[in-house]
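Novice: If you scroll down you'll find the structure; I have some questions about it.
This is the structure we're talking about:
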């Protein structure tokens, strides 16, 4: 359902939606994180889980993110070389 | 009814204070300040999570339309910079796979908690995606979203440090990486760098979310 709506918006948005509304929505999307606050609160309420699993949470949250970013930067550097050759 | 208004208002006020603190230049994402302020408020009023969640449903219900709205910047970018699209798409695909696999591998090595392992699959999607995907793979929607938010904060800090050290100067790719790995919160940081950076972050966030949703529904 959600994916179908997503696809429709993706293909038809320029025809159906005035540009000013689209710009407003883009601005509103910057405050997307407001909607995550209930979820964030839920995690903070799970003190037992946080106390027991802090190491793996720390690894998943910080280390894996940093590793992914590092790998992506490396990949972009490799891709960029080929881009410059084309130009 | 009064509860609904009270808790929604409380959440929004907490976020606004967070936004104010952020604008004053302390650099703390409004989400973090908002969460802790709200937790403090709930603690002072001695309200448990179930009561809060029951009454804060309008905010949670907005996640799905917000998710569909992320298609709009994507559609605009598709028409404007179509020649970058193959690179953007392939980077998002690689990013989606990499971050899920690295996260699950680390979780698998360090914990036996199924909750954490299952929820790690969706850590690189934006929270509305995560909340919709997580229940389908036996993760917990709220836990996944909280994890996603924490990942966003972490990625927003490590990203700029890595860009500086590895000398990645192109703001478009910086934005894309922030979008792929740090989604909503990374997007906020990217928009502060420049509009192009922000647009690419939005792009990275939406495409990675869609890819992860598809890959998970195919392979898991």
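Protein chains in written order, with this note's numbering: chain A, 1058 to 1144; chain B, 4 to 223. Where a beta carbon is used, it is the ideal one built from N, C-alpha and C, also for glycine.
1) Assuming residue 1098/A contacts residue 150/B under a Cβ cut-off of 8 Å, what Cβ separation, rounded to an integer in Å, is found between them?
2) Please report the Cβ distance between residue 47/B and residue 211/B, rounded to the nearest whole angstrom; I am assuming they are in contact, meaning their Cβ atoms lie under 8 Å.
3) Are residue 1117/A and residue 126/B touching if we call contact CB-CB under 8 Å?
4) Going by DSSP in three states, residue 50/B sits in which element: helix, strand or coil?
5) Using 8 Å as the Cβ pair cut-off and three pairs as the minimum, do the stretch 76-93 of chain B and the stretch 182-198 of chain B touch?
6) Mind checking whether residue 90/B and residue 1132/A have CB atoms under 8 Å apart?
7) Rounded to whole angstroms, what is the Cα-Cα separation between residue 75/B and residue 221/B?
8) Within the same chain, show all residues whose beta-carbon is closer than 7 Å to that of residue 55/B, passing over the 5 residues directly before and after it, in chain order.
9) Is the beta carbon of residue 146/B closer than 8 Å to that of residue 118/B?
10) Using a Cβ-Cβ cut-off of 8 Å, state whether residue 54/B counts as contacting chain A.
11) Assign residue 225/B to buried or exposed, taking buried as 16 or more other Cβ atoms, counted over all protein chains shown, within 10 Å of its Cβ.
12) Going along the chain, which residues of its own chain have a beta-carbon closer than 7 Å to the beta-carbon of residue 155/B, five neighbours each way excluded?
13) Please state the DSSP three-state secondary structure of residue 1113/A.
14) For residue 178/B, report the span of its alpha helix (DSSP H) as first-last.
15) Give the secondary structure of residue 28/B by DSSP, where H, G and I count as helix, E and B as strand, and everything else as coil.
16) In chain order, what residues of the same chain lie with their CB nearer than 8 Å to the CB of residue 77/B, ignoring the 5 residues before and after it?
17) Is there a Cβ from chain B that is less than 8 Å from the Cβ of residue 1127/A?
18) Should residue 1141/A be flagged as near chain B, meaning a C-beta pair shorter than 8 Å?
19) For residue 1075/A, does the three-state DSSP call read helix, strand or coil?
20) Nearest-angstrom Cα distance between residue 1143/A and residue 1134/A?
21) Please compile the residues from chain B whose C-beta is within a distance smaller than 8 Å of the C-beta of residue 1079/A.
22) With burial defined as no fewer than 16 other Cβ atoms inside 10 Å of the residue's Cβ, what is the status of residue 5/B: buried or exposed?
23) Which residues in the same chain have their Cβ closer than 8 Å to the Cβ of residue 35/B, if we skip the five residues on either side of it in sequence?
24) Give the secondary structure of residue 126/B by DSSP, where H, G and I count as helix, E and B as strand, and everything else as coil.
25) Would you be able to state if there are at least three C-beta pairs under 8 Å between the stretch 1100-1111 of chain A and the stretch 128-142 of chain B?
26) For residue 23/B, does the count of other Cβ atoms within 10 angstroms reach 16, so buried, or fall short, so exposed?
27) If residue 191/B sits next to residue 1087/A, beta carbons under 8 Å apart, how far is it from one beta carbon to the other, in whole angstroms?
28) Nearest by alpha-carbon distance to residue 159/B: which of 32/B, 7/B, 25/B, 13/B is it?
29) Can you tell me whether residue 168/B is helix, strand or coil according to DSSP?
30) From residue 71/B to residue 43/B, what distance separates their C-alpha atoms?
31) Does the beta-carbon of residue 106/B have 16 or more other beta-carbons within 10 angstroms, so that it is buried, or is it exposed?
32) On a Cα-Cα basis, can you pick out the residue from 140/B, 12/B, 171/B, 114/B that is closest to residue 217/B?
Specialist: Quick look at the numbers:
1) About 14 Å separates the two Cβ atoms, so there is no contact after all.
2) Going by Cβ atoms, the distance from residue 47/B to residue 211/B rounds to 38 Å, so no, they are not a contact pair.
3) yes
4) coil
5) no
6) no
7) 25 Å
8) 10, 45
9) yes
10) no
11) The structure shown does not extend to residue 225/B, since chain B spans only 4 to 223, so no value can be given for it.
12) 185, 186, 187, 188, 189
13) helix
14) 174-196
15) helix
16) 205, 206, 209, 210
17) yes
18) Note on residue 1141/A: pLDDT 44, under 50, position unreliable in the model; no value is reported.
19) coil
20) Here residue 1143/A scores only 41 on pLDDT, less than 50, and its place in the model should not be relied on; the value that follows carries that caveat. Each residue's Cα considered, the two are about 15 Å apart.
21) 75, 79
22) exposed
23) 21, 156
24) coil
25) no
26) exposed
27) 6 Å
28) 32/B
29) helix
30) 32 Å
31) buried
32) 140/B
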